[in-house]
Amino acid sequence: MKFFKKCAMVAAMGAALASSGAFADDVIKLKMGFVDPATSSYAMGGQKFADELAKLTDGKIQVQVLAGGTLGGEREMYEGAQMGTVDVITVVNTVLSQFIPEMSILDELFLFDTPEQAHAVADGEFGKLVAEKAAAQGVHIIGWLESGFRDTFSKNPIKEMKDFNGNKIRTMENKMQIAAFNSLGAIATPMPAPEQYTALQQGTIDGCENAVGNMLINRYYEVIKNVTFTHHQFTYILVGVSDRAWNKIPDELKPKVYEAMKTAVAWQRNNLKEINDNAVVELKKNNVNFYEIDRDALKDTVVPALSKVRANVPQEWVDALKRDIASVK
Numbered sequence: 000m001k002f003f004k005k006c007a008m009v010a011a012m013g014a015a016l017a018s019s020g021a022f023a024d025d026v027i028k029l030k031m032g033f034v035d036p037a038t039s040s041y042a043m044g045g046q047k048f049a050d051e052l053a054k055l056t057d058g059k060i061q062v063q064v065l066a067g068g069t070l071g072g073e074r075e076m077y078e079g080a081q082m083g084t085v086d087v088i089t090v091v092n093t094v095l096s097q098f099i100p101e102m103s104i105l106d107e108l109f110l111f112d113t114p115e116q117a118h119a120v121a122d123g124e125f126g127k128l129v130a131e132k133a134a135a136q137g138v139h140i141i142g143w144l145e146s147g148f149r150d151t152f153s154k155n156p157i158k159e160m161k162d163f164n165g166n167k168i169r170t171m172e173n174k175m176q177i178a179a180f181n182s183l184g185a186i187a188t189p190m191p192a193p194e195q196y197t198a199l200q201q202g203t204i205d206g207c208e209n210a211v212g213n214m215l216i217n218r219y220y221e222v223i224k225n226v227t228f229t230h231h232q233f234t235y236i237l238v239g240v241s242d243r244a245w246n247k248i249p250d251e252l253k254p255k256v257y258e259a260m261k262t263a264v265a266w267q268r269n270n271l272k273e274i275n276d277n278a279v280v281e282l283k284k285n286n287v288n289f290y291e292i293d294r295d296a297l298k299d300t301v302v303p304a305l306s307k308v309r310a311n312v313p314q315e316w317v318d319a320l321k322r323d324i325a326s327v328k
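Numbering that gives the first Met the number 0 applies: residue 0 is where the sequence shown begins, and numbers increase by one.
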């Protein structure tokens with residue numbers, strides 16, 4: 000009889016331990032996708048998030064970072080999150096605006112003068128509006144990583160606005176970018192990013208645009224030698240969690256997810272600055288020239304030209320954006 004009582008006690012203890020999460024099976028394992036390589040600032044920011052979250056939850060939530068498009072392209076990942084087949088996704092704002100059209104206002108050029116203004120938008124009222132829209136689509140936005148300001152790379156030096164004339168500049172397949180570069184006198188030439196190096200090498204294009212760190216990573220300096228700090232556009236990479244994955248996380252641990260991402264975002268912003276600063280140093284060693292330009296003159300030309308392609312964004316979103324920008328002293 001005592002034997003059976005002991006067995007019952009052991010069984011009860013086992014059940015209690017299992018329900019309290021004492022077994023490894025209770026660990027929540029999530030996969031996080033990036034289209035960029037593991038060496039990119041964004042993917043490293045994702046790893047920082049994974050490490051922080053594991054630490055804050057005592058290993059109860061483990062995130063595996065899968066870079067290089069393992070989980071698909073950005074649009075595929077977002078759709079996968081909506082269907083519950085992808086856990087944690089990263090998506091550039093230009094792609095996310097296909098699902099949340101109000102976000103297209105972020106595609107406008109010369110919207111921000113400083114990174115702090117861009118951060119205020121991500122962290123402020125505008126960011127909350129985006130989060131509400133995404134949540135209604137089954138995706139929980141937990142943070143905004145970034146690619147930062149985009150500059151212009153060219154074969155011919157661009158020191159002032161007239162120097163854009165006749166230069167074929169590769170752009171994204173983006174109405175705002177195309178209209179903007181055409182208004183400057185350049186010939187906007189949309190093409191997929193992987194084709195840029197060969198196009199520069201063969202003279203199909205005379206230049207392209209991106210964050211300066213990308214010129215070093217993609218070795219464009221081998222075929223073009225000029226960078227102009229146009230700072231014409233700011234690019235975000237938003238991080239979202241699918242409903243299915245979010246519902247796996249106990250309510251008491253959800254604040255830890257936001258806390259871990261907040262730490263990762265701050266780290267990635269600093270890391271990106273270091274990467275871009277280092278890129279300038281390394282590019283100068285490779286005989287790349289750097290030029291400042293009158294951004295106000297560019298802005299005065301570009302902004303009116305965008306009126307023809309500007310999306311019809313609700314006033315609520317426009318006002319939120321303006322207030323966030325104005326909040327930066």
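Backbone N, C-alpha and C fix where the C-beta goes; we use that ideal spot for every residue, glycine too.
{"query": "Cutoff 8 Å; reference G142; Cβ partners in own chain excluding five residues on either side", "result": "F48, L237, V238, Y257, M260, K261, A263, V264"}
{"query": "A325 and I104 closer than 8 Å at C-beta", "result": "no"}
{"query": "Assigned secondary structure, V87 (DSSP; H/G/I helix, E/B strand, else coil)", "result": "strand"}
{"query": "M190 in three-state terms, based on DSSP", "result": "coil"}
{"query": "Residue environment, M82, which counts as buried when at least 16 other CB atoms sit within 10 Å", "result": "exposed"}
{"query": "Counted within 10 angstroms of its Cβ, other Cβ atoms place F289 as buried (16 or more) or exposed", "result": "exposed"}
{"query": "Backbone CA spacing between T203 and N155 [nearest angstrom]", "result": "14 Å"}
{"query": "First through last residue of the alpha helix (DSSP H) which encompasses F148", "result": "Run containing F148: none in the alpha helix (DSSP H); it sits in the beta strand (DSSP E), 138–153."}
{"query": "T227 classed as buried or exposed, judged by whether at least 16 other C-beta atoms fall within 10 angstroms", "result": "buried"}
{"query": "The beta strand (DSSP E) enclosing I216, as first and last residue numbers", "result": "Careful: I216 lies outside any beta strand (DSSP E), inside the alpha helix (DSSP H) at 211–216."}
{"query": "Stretch pair the stretch 273–283 + the stretch 67–76: three plus CB contacts closer than 8 Å", "result": "no"}
{"query": "Between the CA atoms of K253 and D106 - distance to the nearest angstrom", "result": "31 Å"}
{"query": "Outcome for N182 when other beta-carbon atoms lying within 10 angstroms are tallied against a minimum of 16", "result": "The question names Asn, but residue 182 in the sequence shown is Ser. Buried, by the Cβ-count rule."}
{"query": "Same chain, Cβ closer than 6 Å to Q176, neighbours up to 5 away in sequence not counted", "result": "T170"}
{"query": "Backbone secondary structure at M31 - three-state DSSP", "result": "strand"}
{"query": "Per-residue burial, T89 [other beta carbons within 10 Å of its own, 16 or more giving buried]", "result": "buried"}
{"query": "Distance between P36 and V280 (C-alpha atoms, nearest Å)", "result": "22 Å"}
{"query": "Complete runs of the beta strand (DSSP E) confined to the stretch 222–266 [at least 3 residues]", "result": "225–241"}
{"query": "Separation of L305 from E315, as counted between CA atoms", "result": "20 Å"}
{"query": "Coarse secondary structure for R169, derived from DSSP in three states", "result": "strand"}
{"query": "Cβ pair count under 8 Å reaching 3, the stretch 183–194 against the stretch 122–136", "result": "no"}
{"query": "Beta-carbon gap between T234 and E115 smaller than 8 Å", "result": "no"}
{"query": "Given D205 as reference, the closest of R243, N225, N166 once Cα atoms are compared", "result": "N166"}
{"query": "Counted within 10 angstroms of its Cβ, other Cβ atoms place V129 as buried (16 or more) or exposed", "result": "buried"}
{"query": "For K255 and H417, the rounded distance between their alpha carbons", "result": "In the structure displayed, the chain extends from 0 to 328; residue 417 sits before or after that span and is not available."}
{"query": "Burial state of R149, where buried means 16 or more other Cβ atoms lie within 10 Å", "result": "buried"}
{"query": "Where E78 sits in the DSSP three-state scheme", "result": "helix"}
{"query": "Cβ-based neighbour list, Q46, same chain, cut-off 7 Å, excluding 5 preceding and 5 following", "result": "V64"}
{"query": "Contact under 8 Å by Cβ, Y220 with V287", "result": "yes"}
{"query": "For V120, the three-state DSSP class (helix, strand or coil)", "result": "helix"}
{"query": "Exposure of Q267, with buried meaning 16 or more beta-carbon neighbours within 10 Å", "result": "buried"}
{"query": "C-beta atoms of G137 and N164 nearer than 8 Å", "result": "no"}
{"query": "Status (buried if at least 16 other CB within 10 Å, exposed otherwise) for E51", "result": "buried"}
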